[in-house]
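FYI, the numbering for the sequence shown is 495 to 865, going by the numbering used here.
Even glycine gets a Cβ: it sits at the ideal position worked out from N, Cα and C.
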Amino acid sequence: MSFRDLRNFTEMMRALGYPRHISMENFRTPNFGLVSEVLLWLVKRYEPQTDIPPDVDTEQDRVFFIKAIAQFMIADLKAARQLASEITSKGASLYDLLGMEVELREMRTEAIARPLEINETEKVMKIAIKEILTQVQKTKDLLNNVASDEANLEAKIEKRKLELERNRKRLETLQSVRPCFMDEYEKVEEELQKQYDIYLEKFQNLTYLEQQLEDYHRMEQERFEEAKNTLCLIQNKLKEEEKRLLKSGSNDDSDVDIQEDDESDSELEERRLPKPRTAMEVLMQGRPGKRIVGTMQGGDSDDNMEAAPALLGKCKTSSSKKQEDSEDSEIDMEDDDEDEDLEDESIALSPTKPSRRVKKPEPLDDSDNDF
């Protein structure tokens with residue numbers, strides 16, 4: 495509440511005659527005791543006989559006290575509004591009647607001053623007595639009719655009770671008798687329950703198999719991805735190995751070129767060039783039971799003639815040149831078959847990467863080891 499509201503409240507309570515002095519300082523802090531005392535005093539002013547408990551010690555008691563005060567005030571407010579509307583309507587009708595008092599006074603004076611005729615008065619009284627006697631007779635007839643109606647109603651009630659009892663007994667009889675179709679109904683119900691159990695089992699199996707199929711497809715997909723990744727790793731390793739071999743082969747070419755300067759032309763004519771090896775054959779040179787041999791065919795270009803000594807330097811053994819010439823003379827068709835097997839095996843190991851092969855040099859015209 496604002497300062498103005500507090501001031502108006504204290505002045506209003508003083509005007510109503512509240513016995514206790516209320517100052518502005520009483521509401522500086524919460525003061526529920528004073529509030530309850532003021533509310534109870536106001537209620538007693540409206541209705542001294544009202545019964546409202548004044549206990550406000552606990553929170554629940556305070557809530558109950560406020561609810562009781564509010565309900566009492568609302569009820570009194572409704573009654574006060576109704577009385578105010580009635581007072582307004584009654585006041586308006588009273589004002590209209592007071593306006594007609596002049597005419598009514600004259601009529602009343604004339605009626606009082608007029609002398610009464612005994613015959614007419616007696617006649618009117620007799621008519622009134624007859625009407626009253628007629629109404630009394632009608633009332634007696636109605637009472638007699640009520641008695642007869644009561645008897646009829648009691649008879650109908652008794653009849654309904656008998657019908658109700660009869661229907662109850664019939665119902666008990668029907669409930670005690672087992673229907674003829676009940677056996678068939680129970681059999682059909684059992685069969686239906688069995689079919690439902692079978693359906694439920696099959697549905698569970700189907701769900702389980704679908705789950706297993708999904709797991710199998712997922713595992714196959716994971717295996718496929720794993721194999722694909724493994725193949726990619728192998729391909730990358732083969733590419734790196736091939737690059738490394740090509741790099742080492744270029745270094746060997748430079749060494750062979752230096753040796754070629756010291757050799758004579760006759761030695762070059764007598765030397766049998768071996769078959770160049772592919773990258774896959776170099777990778778497989780550590781395998782047991784495999785030999786690297788040459789062929790009788792040669793290349794067509796000068797570049798191949800330069801690449802051949804490089805490969806020859808890598809395949810050279812510690813034997814002498816004469817032993818190499820004797821080994822070259824023993825080359826036959828089995829060596830060609832072994833070369834083809836090696837090529838097929840290298841292609842099978844690396845299908846996506848063609849082997850880098852070096853063209854074979856042409857055989858020398860004046861070689862003694864052609865046959």
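Min CB distance residue i to chain B below 8 Å
i, result
"lysine 572", "The structure shown contains no chain B; it holds only a single protein chain."
Assigned secondary structure, residue i (DSSP; H/G/I helix, E/B strand, else coil)
i, result
"histidine 711", "helix"
"valine 618", "helix"
"leucine 610", "coil"
"valine 630", "helix"
"isoleucine 516", "coil"
"serine 642", "helix"
"glycine 743", "helix"
"serine 670", "helix"
"phenylalanine 718", "helix"
"phenylalanine 497", "helix"
"phenylalanine 472", "It is not possible to answer for residue 472, since the shown part of the chain is limited to 495 through 865."
"methionine 506", "helix"
"methionine 790", "In this predicted model, methionine 790 has a pLDDT of only 46, less than 50, meaning its place in the structure is not dependable; the value taken from the coordinates is given anyway. Looking at methionine 790 - three-state DSSP - the assignment turns out to be coil, as it is neither helix nor strand."
Whole-number beta carbon distance between residue j and residue i, since they are thought to touch under 8 Å
i, j, result
"isoleucine 869", "valine 557", "Past the boundaries of the shown model lies residue 869; the chain is included only from 495 to 865, so the question cannot be answered."
"isoleucine 563", "leucine 533", "5 Å"
"phenylalanine 566", "threonine 544", "6 Å"
Residues near residue i in its chain [Cβ-Cβ closer than 8 Å; skip 5 each side]
i, result
"leucine 500", "Met518, Phe521"
"valine 550", "Phe526, Gly527, Ser530, Arg556, Phe559"
"asparagine 502", "none"
"lysine 663", "none"
"isoleucine 626", "none"
Same chain, Cβ closer than 6 Å to residue i, neighbours up to 5 away in sequence not counted
i, result
"alanine 569", "none"
"methionine 619", "none"
"methionine 507", "Ile516"
"tyrosine 540", "Asp570"
Close Cβ partners of residue i (< 7 Å) along its chain, the five nearest in sequence each way excluded
i, result
"proline 782", "Below a pLDDT of 50, predicted positions are generally treated as unreliable, and proline 782, at 43, falls in that range; the measurement from the model is reported next regardless. If we look at proline 782 and ignore the five residues flanking it on each side, it has no Cβ neighbours."
"tryptophan 535", "Tyr512"
The ligand FMN heavy atom lying under 7 Å from the CB of residue i
i, result
"tyrosine 690", "Here there are no bound small molecules, and the ligand FMN is not part of this structure."
Alpha helix (DSSP H) segments (min. 4 residues) lying fully within the segment 519-597: Runs of the alpha helix (DSSP H) inside the segment 519-597: 526-540, 553-593.
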